[in-house]
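First comes the structure, then the notes that go with it.
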Amino acid sequence: TKGLVDNFSLSSISAGQIVGLVAFFVMQTIAAGLSIYLLNYIGQKIVAGLRERLWKKVLILPVSYYDQNRTGDTI
20 TKGLVDNFSL SSISAGQIVG LVAFFVMQTI AAGLSIYLLN YIGQKIVAGL
70 RERLWKKVLI LPVSYYDQNR TGDTI
């Protein structure tokens, strides 16, 4: 690495390499944003599904269940 750092100059890197690095960083940023979006979207779908299943379960419980248990214990 000493040689790489000591011998580095603007003439040692080509325009194509600069364009390639910029393109790489742009693609990396897009991929990171897409990853965050998809993770959020999938997480929201999972939470919505769990809430729906819980709500359906609570709706079919008999009235006697609510007489015997406190509301806070149900959830």
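Here this note's numbering = 1-based position in the sequence shown + 19. Yeah, the Cβ is synthetic: ideal placement off N, Cα and C, and Gly gets one too.
Quiz item: What does a CB cutoff of less than 6 angstroms around Thr48 pick up in its chain, not counting 5 residues either side in sequence?
Solution: Residue mapping note: residue 48 aligns to position 29 of the sequence shown, counting from 1. Setting aside the 5 residues that flank it on each side, Thr48 has no residue in the same chain whose C-beta is closer than 6 angstroms to its C-beta.
Practice problem: Indicate the three-state DSSP secondary structure (helix, strand or coil) for Ser31 in the structure shown. | Solution: In the sequence shown, residue 31 corresponds to position 12, counting from 1. Three-state result, Ser31: helix.
Quiz item: Thr93 and Val77: beta carbons closer than 8 angstroms?
Solution: Here residue 93 corresponds to residue number 74 of the sequence shown, with the count starting at 1. Here residue 77 corresponds to residue number 58 of the sequence shown, with the count starting at 1. Contact: yes.
Quiz item: Taking the C-alpha atoms as reference points, what is the distance between Ala42 and Asn59?
Solution: Taking the first residue of the sequence shown as 1, we reach residue 42 at position 23. Taking the first residue of the sequence shown as 1, we reach residue 59 at position 40. If I take the Cα positions, the gap works out to 26 angstroms.
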